[in-house]
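Asker:
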Amino acid sequence: MREEIREKINEGSVYMSASNYEAAAEAFARATQEEPSCEEAYEHLGNALASLKRYDESIKAFKTALMLKPGDGSIYFSIGSVYFLKDEYREAVKYLNRAEEAGQKSVGLYLLRSGIYERNGDRIQAIREISRAIDLEPLRADLYKRKTLLQVENNNTDGALETLEELREVLPDALAGYEMAVLVHCVRKEYEKADEIAEKGLRLFPKDPAMYLLKVQIVSQSGQYEQVEKWAAKLSGMELDPQARTQLTVYRAEAFGRQENMTRMQEVLEEHYQKWKDPEVMYLLMMFYSGQKEYGRLKGLAGQLKEMDVKDSFRAAAQFAYAEAVEHMDGKEAAEELYRKMTKDFRKLTIANPTLYEVYIYRLLSHCAVGEYEKALELADYISNAKPGLSDGHLYRAYVLEKAGRGQEAKEERRKAQTAAPARQ
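Now the structure itself:
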């Protein structure tokens with residue numbers, strides 16, 4: 000490689016380390032122009048363009064690098080990673096598979112492929128990918144934690160406990176082992192066993208806030224709501240990461256709600272929202288305002304949330320809540336255009352990602368809001384098929400039929416709902 004080309008690549012690398020991706024891309028592009036056969040420059044250019052979210056240009060750069068260095072596993076991996084960022088999972092898996100075939104077997108590859116399968120609802124394959132990652136790095140507690148969560152989500156708590164046993168064999172005092180064991184036993188409603196594990200964790204890690212949060216989780220999920228504030232108080236002054244802060248607020252708010260203390264529930268949610276602007280708590284507070292019919296506050300909060308960079312289900316909920324508030328404050332005509340736009344927006348979302356269960360629900364509600372009852376009933380059928388055995392589909396069908404003036408049919412659907420499993424929370 001000529002010295003001046005190496006200098007431009009080094010210059011671009013300095014820009015990359017400083018997160019100045021635009022300047023980095025320019026430096027790498029100049030290197031490719033002056034040395035079109037320099038595979039390394041194209042790889043660097045692909046990374047810089049991906050950092051700028053210019054994904055199509057990034058893939059083009061990586062594919063040029065691949066032509067210059069055929070069969071390179073790291074380049075296949077890079078291309079697959081960018082397709083993942085584009086939500087083009089079929090292409091992503093294709094290139095990640097080629098990377099593995101070329102010898103690029105890494106934890107990063109298996110985690111990425113696991114994430115793709117999980118997003119497409121295939122938890123069994125996602126678990127297999129995490130198992131491959133564990134085989135490569137058996138001392139990483141986070142991998143066992145991820146596998147356990149997937150097994151719990153797949154209703155395989157026996158498998159989850161086996162995974163935790165594997166974790167204990169290699170890392171007997173890993174904090175993740177205690178966290179996950181409490182989670183699994185709470186899911187199994189084995190609260191005494193969960194508490195026993197949490198108490199042992201407290202003895203081993205007496206200053207770790209995660210252990211006290213486990214106690215909050217146990218008393219909350221076992222219905223001991225009056226004990227939640229006692230254990231939450233022990234976390235006062237401790238530094239919590241954002242996820243733990245949110246979990247604590249959710250447990251506290253739910254406990255006050257279960258005790259029908261709506262004033263304190265609102266205070267807990269609003270205090271967290273004002274301080275952290277956390278989307279998950281904003282979502283819960285938005286649902287609270289809707290339930291309390293505080294439409295002025297609902298409109299303001301939903302208006303903020305729908306403009307934030309949040310997951311699709313939160314944004315869909317915020318869009319619908321905003322329209323709901325407009326309808327109650329300004330009249331149905333003022334909200335109709337919003338509802339109609341949502342039916343189109345939500346349809347696009349669910350086509351792009353069929354696993355967005357909550358968005359299907361908001362599609363149904365939006366069609367219902369504008370009197371398109373047959374379309375809403377079609378979506379109720381989809382909800383029934385997506386979650387067979389649950390009462391969701393019957394309850395939403397009853398709601399639509401009631402709105403359509405078909406009371407007797409709605410009554411029959413509610414009767415069917417009573418014999419099904421509880422609705423999704």
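Using numbering that gives the first Met the number 0, the first residue of the sequence shown is number 0, and each one after it goes up by one.
Idealized CB from N, CA, C, for every residue including glycine.
For clarity, every value in this text was computed on a predicted model and none was experimentally measured.
Whose C-beta lies closer than 7 Å to the C-beta of Ala60 among residues of the same chain, with five residues either side of it excluded?
Answerer: Closer than 7 Å at the Cβ level, and outside the excluded window around Ala60, lie Tyr41, Leu44, Gly45 and Leu48.
Asker: Beta-carbon separation of Ile217 and Val181 under 9 Å?
Answerer: Yes, the pair counts as a contact, with Cβ atoms nearer than the cut-off.
Asker: Less than 9 Å separating the beta-carbons of Tyr54 and Lys85?
Answerer: It is a contact, given that the beta carbons lie within the stated cut-off.
Asker: Suppose you measure from the CA of Tyr75 to the CA of Phe83; what does that come to, to the nearest Å?
Answerer: So the alpha carbons of these two residues sit roughly 12 Å apart.
Asker: Tell me where the alpha helix (DSSP H) around Tyr113 begins and ends.
Answerer: It is Ser, not Tyr, that sits at residue 113 in the sequence shown. Start and end: Val106 to Arg118.
Asker: Distance check for Arg131 and Tyr109, CA to CA, integer angstroms please.
Answerer: The straight-line gap from Cα to Cα measures roughly 7 Å.
Asker: Give every residue of the same chain whose Cβ lies closer than 6 Å to the Cβ of Gln424, excluding the five residues on either side of it in the sequence, and list them in chain order.
Answerer: Only weak support exists for where Gln424 lies, its pLDDT of 49 falling under 50; the value from the coordinates is given anyway. Taken in chain order, the list of residues that qualify is empty.
Asker: So, do the stretch 153-164 and the stretch 387-395 have three or more beta carbon pairs nearer to each other than 8 Å?
Answerer: No, they do not touch.
Asker: For Ala173 and Glu191, I'd like the C-alpha separation in whole angstroms.
Answerer: In a straight line, the C-alpha of Ala173 is about 21 Å away from that of Glu191.
Asker: Please report the straight-line C-alpha distance between Val215 and Tyr250, rounded to a whole angstrom.
Answerer: Val215 and Tyr250: Cα-Cα distance of roughly 7 Å.
Asker: Comparing alpha-carbon positions, which option in Glu279, Gln265 and Gly102 lies nearest Met307?
Answerer: For Met307, the nearest C-alpha among the options comes from Glu279.
Asker: Do you know how far the Cα of Ala351 is from the Cα of Lys402?
Answerer: Computed Cα separation, rounded: 29 Å.
Asker: In chain order, what residues of the same chain lie with their CB nearer than 8 Å to the CB of Pro241, ignoring the 5 residues before and after it?
Answerer: If we look at Pro241 and ignore the five residues flanking it on each side, its Cβ neighbours are Trp275 and Asp277.
Asker: Whose C-beta lies closer than 8 Å to the C-beta of Asp311 among residues of the same chain, with five residues either side of it excluded?
Answerer: Counting only Cβ-Cβ distances below 8 Å, and skipping sequence neighbours, we find Leu348, Asn352, Leu355 and Val358.
Asker: Are the beta-carbon atoms belonging to Arg89 and Ser113 less than 9 Å from one another?
Answerer: Cβ atoms of Arg89 and Ser113: not closer than 9 Å.
Asker: Between the C-alpha atoms of Ala140 and Ser77, what's the straight-line distance to the nearest angstrom?
Answerer: Using only the alpha carbons, I get a separation of about 26 Å.
Asker: Is the distance from the Cβ of Glu269 to the Cβ of Leu247 below 9 Å?
Answerer: Not in contact: Glu269 and Leu247 (Cβ atoms no closer than 9 Å).
Asker: What would DSSP say about Leu234, mapped onto helix, strand or coil?
Answerer: Of the three classes helix, strand and coil, the one that applies to Leu234 here is coil, per DSSP.
Asker: Is the beta carbon of Tyr318 sitting closer than 9 Å to the one on Tyr361?
Answerer: Note on identity: in this sequence residue 318 is Gln, with Tyr being the wrong assignment. Contact flag set, yes.
Asker: When you compare the CB positions of Arg396 and Val369, do they come within less than 9 Å of one another, or not?
Answerer: Going by C-beta atoms, Arg396 is not nearer than 9 Å to Val369.
Asker: Using the beta-carbon count (16 or more within 10 Å), is Val183 buried or exposed?
Answerer: Val183 is buried by the Cβ-count criterion.
Asker: Could you pull the start and end residues of the alpha helix (DSSP H) that Glu178 belongs to?
Answerer: Counting along the chain, the alpha helix (DSSP H) containing Glu178 begins and ends at Leu174 to Val186.
Asker: Measure the C-alpha to C-alpha separation of Ala316 and Lys292 and round it to an integer number of angstroms.
Answerer: Roughly 16 Å between the two C-alpha positions.
Asker: Going by beta-carbon coordinates alone, are Gly299 and Met328 separated by less than 9 Å?
Answerer: No, these two residues do not count as a Cβ contact at 9 Å.
Asker: Taking the alpha carbon of Arg244 as the reference point, which residue from Leu67, Tyr211, Gln150 and Asn384 has its own alpha carbon closest?
Answerer: Checking every option, the nearest Cα to that of Arg244 belongs to Tyr211.
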